[in-house]
Amino acid sequence: MKLLSVLITFLLATVIYSQTNPATLTFTVQVYDQFPGYNNNFQTNGAGARVTGLIKSTLNSTTRVPELVSTATGGLNGVGLILNPSLFPYFFSPQQDSSLPGQNSPLSLDLVFTYDTTRNIYVYNNQNFFPIDNQGLDVDPAKRIYLNGATYHNYHFCMKMNTVFTYKGYEVFNFQGDDDVWVFINNKLVIDLGGVHGPLAASVDATTLGLTIGNSYNFDLFFCERQTVGSTIKIETNLLFVCPFEDYCGVCQGDGSSCCNPLTTCNDNNQCTIDSCPPANTTIGSGSISDYCIHTPKINTNPIDICFNYQCNSSTGNFDPIPIPCLDRSSECLSTIGCNSTVGCQYESICNSNVCNIQNQCSSNGTCVPKSSNDCGIELDGQVDKCKIYSCDSNGGVGCIKEDKCKPSEDKCHVVSCDSLTGSCITTPLEDPLAGLHLCSIARCNSSTGEFTYDPIICTPSSNPCISTQCNATNGQCYETQIPGDICDCGCGIPENKCKVSWCTPEGICQPKFKSEIDDNNSCTLDSCDPCTGIISHMTAPQCLSCNQCSN
Numbered sequence: 092m093k094l095l096s097v098l099i100t101f102l103l104a105t106v107i108y109s110q111t112n113p114a115t116l117t118f119t120v121q122v123y124d125q126f127p128g129y130n131n132n133f134q135t136n137g138a139g140a141r142v143t144g145l146i147k148s149t150l151n152s153t154t155r156v157p158e159l160v161s162t163a164t165g166g167l168n169g170v171g172l173i174l175n176p177s178l179f180p181y182f183f184s185p186q187q188d189s190s191l192p193g194q195n196s197p198l199s200l201d202l203v204f205t206y207d208t209t210r211n212i213y214v215y216n217n218q219n220f221f222p223i224d225n226q227g228l229d230v231d232p233a234k235r236i237y238l239n240g241a242t243y244h245n246y247h248f249c250m251k252m253n254t255v256f257t258y259k260g261y262e263v264f265n266f267q268g269d270d271d272v273w274v275f276i277n278n279k280l281v282i283d284l285g286g287v288h289g290p291l292a293a294s295v296d297a298t299t300l301g302l303t304i305g306n307s308y309n310f311d312l313f314f315c316e317r318q319t320v321g322s323t324i325k326i327e328t329n330l331l332f333v334c335p336f337e338d339y340c341g342v343c344q345g346d347g348s349s350c351c352n353p354l355t356t357c358n359d360n361n362q363c364t365i366d367s368c369p370p371a372n373t374t375i376g377s378g379s380i381s382d383y384c385i386h387t388p389k390i391n392t393n394p395i396d397i398c399f400n401y402q403c404n405s406s407t408g409n410f411d412p413i414p415i416p417c418l419d420r421s422s423e424c425l426s427t428i429g430c431n432s433t434v435g436c437q438y439e440s441i442c443n444s445n446v447c448n449i450q451n452q453c454s455s456n457g458t459c460v461p462k463s464s465n466d467c468g469i470e471l472d473g474q475v476d477k478c479k480i481y482s483c484d485s486n487g488g489v490g491c492i493k494e495d496k497c498k499p500s501e502d503k504c505h506v507v508s509c510d511s512l513t514g515s516c517i518t519t520p521l522e523d524p525l526a527g528l529h530l531c532s533i534a535r536c537n538s539s540t541g542e543f544t545y546d547p548i549i550c551t552p553s554s555n556p557c558i559s560t561q562c563n564a565t566n567g568q569c570y571e572t573q574i575p576g577d578i579c580d581c582g583c584g585i586p587e588n589k590c591k592v593s594w595c596t597p598e599g600i601c602q603p604k605f606k607s608e609i610d611d612n613n614s615c616t617l618d619s620c621d622p623c624t625g626i627i628s629h630m631t632a633p634q635c636l637s638c639n640q641c642s643n
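Under my numbering, the residue at position 342 of the sequence shown is numbered 433, and the numbers go up by one with no gaps.
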């Protein structure tokens, strides 16, 4: 069985209390209900002892709660049965989130002091000190598992008292108690009874603390009941406590947690806010405490991304990425292809998807600029060829194409060509491949096949039967020739005289004449012809037989 008995005696000169004092004084303190299943520094069932030096000798002036000297397990903490140092802060501070370790339940407790007129002191005496049975965490029957025999009590809690007193110059106090008891005056540790232990006593003479009469000083008392099974408390005081302020729960210098739970009282059902109770010194006017709760928007901790705005999801509390809409740049012929977290929105030209558009070129009215015939000419040939027709075919991604401006003639006997300077089409006859070789022929071209055939030139016959007309193969001109007499048969032939032939005169008269070869034009011969045989002979003329001159 464990006995808790705390005796604190505060002595003040009788003259101060010679005046009429109220029969009772009520002082509201803060209590933190603990459960060993949440904080294993309670109900350790170890052999405890008084341990000094567990906490720092100077009180934290901001939090006004004790701090361990070391956060290590073992050592002094082990002796003091502080098995889990990380949960020590929740001995005297609220932790109402069940999802986190060290959950406790803050409560307020009224200590009613009775004035002892014989000794001029106020006394609080409770030899069965179980002030929060069935309260706090123990509203859940499953938590009421620690018994003294068959008797249930709430054996696990811590209490703190933060107040101020005015020093008169003669105060002394004494106390007796068990388990953790720490007292600070002027933020300095003056009573150090840490650990789980039996009843111990200590005294402090305030005159030895270097205090100045008339000045006000902090008085902070911390007490824990950490193990079954007994609990008593007795406090006697004649200090003139002054409470600088009461929180809205009525606790002197309380933190508001005894009547405000941020998870329930201040829950706005919005996972995107951090709900917290009002500052402890808030004055609650009309309405309820929940009307004064603070709902701080959660801060997005995601890295900055220029492609997304992060918006808190009120159902989950997570910051969901919401894409930032990219600017509509369709008037620039641009479409969005996505967003890059480094450079932002990315675009591509819609004109580039059509091979018949000029790449990345947009007109002032927001339409793609099509390739002109000149554009295609430059693309295909480096410059525009006036003898080509350029166009663009977008089907199948063909793009720029070209064709001859001057089309071949349907008449195969004509050749169509193009003037490269003007682009004019010129039609010329098909050239005879044998031109100059057949001057006495007329070349004829087949318009269907383009092949040449050749007809001889027919010269116009002469009306003179002794004249023939024929073509000159060297120049292709017709000319007339006299028909030789022996060829001309005028019907006047003299067959009985073979030395004569028929002859056609220029007048067209056919008459006989001696053969021209009978006369050899030599005056020294006698020319003769045998009319029967037609044999011609040339005998030397007599006058020339001795005349050399006639030999010529």
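Quick reminder that beta carbons are idealized off the backbone N, C-alpha and C, glycines included.
*Among all the DSSP beta bridges, which residues are the ones paired with Pro-633?*
DSSP lists no partner for Pro-633.
*By how many angstroms is the C-alpha of Tyr-438 removed from the C-alpha of Asn-391?*
29 Å
*What three-state label does DSSP hand Cys-623 in the structure shown?*
coil
*Sorted by chain position, which residues of the same chain lie with C-beta nearer than 6 Å to Asp-577's C-beta, five sequence neighbours on each side aside?*
Confidence is the limiting factor: at Asp-577 the pLDDT is only 49, short of 50, which leaves the residue's position unreliable and the question unanswerable from this model.
*Using the DSSP secondary-structure output, state which residues sit across from Phe-256 in a beta bridge.*
Tyr-308 and Phe-332
*Among Pro-335, Gly-144 and Tyr-243, which has the Cα closest to the Cα of Lys-279?*
Gly-144
_Here's a check: name, in chain order, each residue in its chain whose Cβ is nearer than 7 Å to the Cβ of Gly-171, leaving out the five neighbours to either side._
Val-142, Leu-145, Gly-285 and Gly-286
*Apply the 10 Å Cβ neighbour rule to Ile-304 and answer buried if 16 or more other Cβ atoms are within range, or exposed otherwise.*
exposed
*Going straight from the alpha carbon of Ala-632 to that of Asn-588, what length do you get?*
24 Å
*asked:* Tell me the rounded alpha-carbon separation between Gly-625 and Lys-606.
replied: 9 Å
_Within a Cβ cutoff of 6 Å, which residues of the same chain sit near Tyr-206, ignoring the five residues on either side of it in sequence?_
Asn-112, Ala-114 and Tyr-213
*For Glu-608, name the three-state secondary structure that DSSP assigns.*
helix
*Can you find a CB in chain C that lies within less than 8 Å of the CB of Thr-433?*
Although the question refers to chain C, the structure presented lacks it and comprises just one protein chain.
*With a CB to CB cut of under 6 Å and the five nearest residues on each side skipped, what residues in its chain are close to Gly-584?*
With a pLDDT of only 49 at Gly-584, under 50, the local geometry of the prediction cannot be trusted, and the value read off the model is given with reservation. Here the set comprises Ser-593.
_Taking its Cβ as the centre, do 16 or more other Cβ atoms sit within 10 Å of Cys-467, making it buried, or is it exposed?_
buried
*asked:* Short of 7 Å in beta carbon distance, which residues of its chain neighbour Ser-511, apart from the five on each side in sequence? Order them along the chain.
replied: Lys-477 and Cys-478
*Output the distance between the C-alpha atoms of Gly-376 and Gly-139, rounded to the nearest integer angstrom.*
47 Å
_For Ala-233 and Lys-389, I'd like the C-alpha separation in whole angstroms._
35 Å
*Asp-346 and Cys-357: beta carbons closer than 8 Å?*
no
*Secondary structure at Ser-348, three-state DSSP: helix, strand or coil?*
coil
_Helix, strand or coil for Ser-628? Go by DSSP, reduced to three states._
strand
*Please work out which residues of its chain come closer than 6 Å, Cβ to Cβ, to Pro-370, disregarding the five sequence neighbours upstream and downstream, and give them in chain order.*
none
*Below 6 Å CB to CB, which residues in the same chain sit around Phe-275 once its five sequence neighbours on both sides are set aside?*
Leu-150 and Asp-311
*Beta-carbon separation of Cys-343 and Thr-257 under 8 Å?*
no
*Rounded to a whole number of angstroms, what is the C-alpha to C-alpha distance between Gly-527 and Ser-538?*
21 Å
_Reduced DSSP secondary structure (H/G/I, E/B, other) of Gly-487_ = helix
*For Pro-547 and Cys-635, the rounded distance between their alpha carbons*: 55 Å
*Mind listing, in chain order, the continuous alpha helix (DSSP H) runs of no fewer than 4 residues lying wholly within the region 449-476?*
464-472
*What is the rounded straight-line gap between the Cα of Pro-157 and the Cα of Cys-249?*
12 Å
_Cβ-based neighbour list, Tyr-215, same chain, cut-off 6 Å, excluding 5 preceding and 5 following_ = Leu-202, Phe-204 and Ile-326
*Determine, using beta carbons only, whether Pro-127 and His-247 come nearer to each other than 8 Å.*
yes
*So what does Leu-284 bridge to, in DSSP terms?*
Val-272
*Residues bridged to Lys-479 [DSSP beta-bridge criterion]*: Asp-495
*In DSSP terms, what Arg-535 is bridged to*: Thr-544
*CB-CB under 6 Å to Ser-432, same chain, minus the five flanking residues each way: which ones, in chain order?*
Asp-396 and Cys-398
*asked:* Alpha carbons only, please: which of Ser-463, Ile-517, Ala-293 and Gly-487 is nearest the one belonging to Ser-500?
replied: Ile-517
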